[in-house]
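Numbering (mature numbering (1 follows the signal peptide of the UniProt record, and there is no 0)), first residue to last: -30 to -1, 1 to 259.
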Amino acid sequence: MVFKRVGQSKAPQRAVFLALSVVVPSLFLAACMSSEKDVDLSTYVEQTEPADVLYNQGLANLNAGRLDEASKKFDAVDRQHPYSEFARKSMVMGAFADYRKGSYDEAIGSAKRYLTLYPSTDDAAYAQYIIGLSYYRQIKDVTQDQKEARQTVQTMQDLVTRWPDSEYVDDAKEKIRFATDQLAGKEMQIGRYYLERREYIAAVKRFRTVVENYSNTRHVEEALARLTESYYAMGLTSEAQTAAAVLGTNYPDSQWYKDSYKLLQSNGLAPRENAGSWISKAGKLITGA
């Protein structure tokens, strides 16, 4: 390729030209030798090979577990052949390679870019799935913030809704169940914290969230028992009795129900459901873990 210099005089002085005519050839030759010496041949090949060759090299590296090399090949296709079909495929495969490497932010970024550019292609569901998996792998213990769990639920639910016939739907639902259980567990952890400090209103708020929003998780059983305990401590016996009654209806053999029943019985009370209570209404949605 010939590069045109900018700002060079069209009529240099003769003396200067004669001087340069001696110096320039030697400098040019030295520069060429230096350039040849410093050339990264792998980069040169990568930039000049056809899109299909680079793409297949990326797949081979991916299959062999050479994830960094795979990423470089897929990036090269996207960069050097941006409008080709292989560039589109490389974008989503590059996202998968990043996910495999544990580079979750990069994987999410690439997959989101793919969905922005190609929202209606066959691989769109796969790109969405990669985003969901990347969030899922970052879910932390319930003692920590559950931002990634919320993102997992949202992303995987979008996958189920938009691509209901996708092969990734079954696993997406499993990931939703796990992430939802994590969110419920976080509410329970905070609720128990308040309950231990006798901050009953704050505790009830957390346990109520579990019963109303996470009724299909394993935590709802304890949440009803904790509501019985919290309402009983506040002197709201009708609500305590209702919570225990709903608990007994759904988990009659539960130790949590036995403990709640014993608590009420200590004051001459028994489980009794108030149909007008929010607990009674929420109890009809409980499906168990």
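We put the CB at the ideal spot given by N, CA and C, even for glycine.
Test item: CB-CB of residue i and residue j under 8 angstroms
{"i": "V174", "j": "L194", "result": "no"}
{"i": "Q116", "j": "K156", "result": "yes"}
{"i": "E243", "j": "A215", "result": "yes"}
{"i": "E191", "j": "Y221", "result": "yes"}
{"i": "V47", "j": "A21", "result": "yes"}
{"i": "F44", "j": "S60", "result": "yes"}
{"i": "W226", "j": "L233", "result": "no"}
{"i": "S247", "j": "T219", "result": "no"}
{"i": "I160", "j": "R178", "result": "no"}
Classification of residue i by the beta-carbon crowding that lies within 10 angstroms, buried from 16 upward
{"i": "residue 281", "result": "Outside the modelled stretch of the chain, which goes from -30 to 259, sits residue 281, for which no answer is possible."}
{"i": "V(-8)", "result": "Only weak support exists for where V(-8) lies, its pLDDT of 37 falling under 50; the coordinates are left without a value."}
{"i": "R167", "result": "exposed"}
{"i": "T125", "result": "buried"}
{"i": "E144", "result": "exposed"}
{"i": "G102", "result": "buried"}
{"i": "G205", "result": "exposed"}
{"i": "A245", "result": "exposed"}
{"i": "T113", "result": "exposed"}
{"i": "I78", "result": "buried"}
{"i": "S90", "result": "exposed"}
Same chain, Cβ closer than 6 angstroms to residue i, five either side skipped, listed in chain order
{"i": "A40", "result": "G28, N31, L32, A67"}
{"i": "L153", "result": "Q116, A119"}
{"i": "K7", "result": "Note that K7 has pLDDT 47, beneath the 50 cutoff, so the model's placement of it is unreliable and the number below is only indicative. Nothing meets the Cβ criterion."}
{"i": "G253", "result": "V216"}
{"i": "Y164", "result": "A172, A173"}
{"i": "Y201", "result": "E209, A210"}
Collapsed DSSP secondary structure at residue i in the structure displayed
{"i": "Q114", "result": "coil"}
{"i": "N183", "result": "helix"}
{"i": "S80", "result": "helix"}
{"i": "E16", "result": "Residue confidence for E16 is low, a pLDDT of 46 falling below 50, so the modelled location carries little weight and cannot support an answer."}
{"i": "R58", "result": "helix"}
{"i": "G238", "result": "coil"}
{"i": "residue 278", "result": "Nothing about residue 278 can be reported from this structure: the residues present for the chain run from -30 to 259 only."}
{"i": "L255", "result": "coil"}
{"i": "Y74", "result": "helix"}
{"i": "A149", "result": "helix"}
{"i": "residue 263", "result": "Given a span of -30 to 259 for the chain in the structure shown, any question on residue 263 remains unanswerable."}
{"i": "L24", "result": "helix"}
{"i": "D128", "result": "helix"}
{"i": "Q211", "result": "helix"}
{"i": "L206", "result": "coil"}
{"i": "D223", "result": "coil"}
{"i": "I109", "result": "coil"}
Neighbourhood of residue i by C-beta distance below 8 angstroms, restricted to the same chain and skipping five residues each side
{"i": "L129", "result": "A95, Q98, Y99, G102, S136, Y138, V139, A142"}
{"i": "R83", "result": "M61"}
Residue-chain proximity (residue i, chain C), Cβ-Cβ < 8 angstroms
{"i": "Y105", "result": "Given the protein chain composition of this structure (a single chain), no chain C is represented."}
7 angstroms CB neighbourhood of residue i in its chain, flanking five on each side removed
{"i": "Q108", "result": "Y74, E118"}
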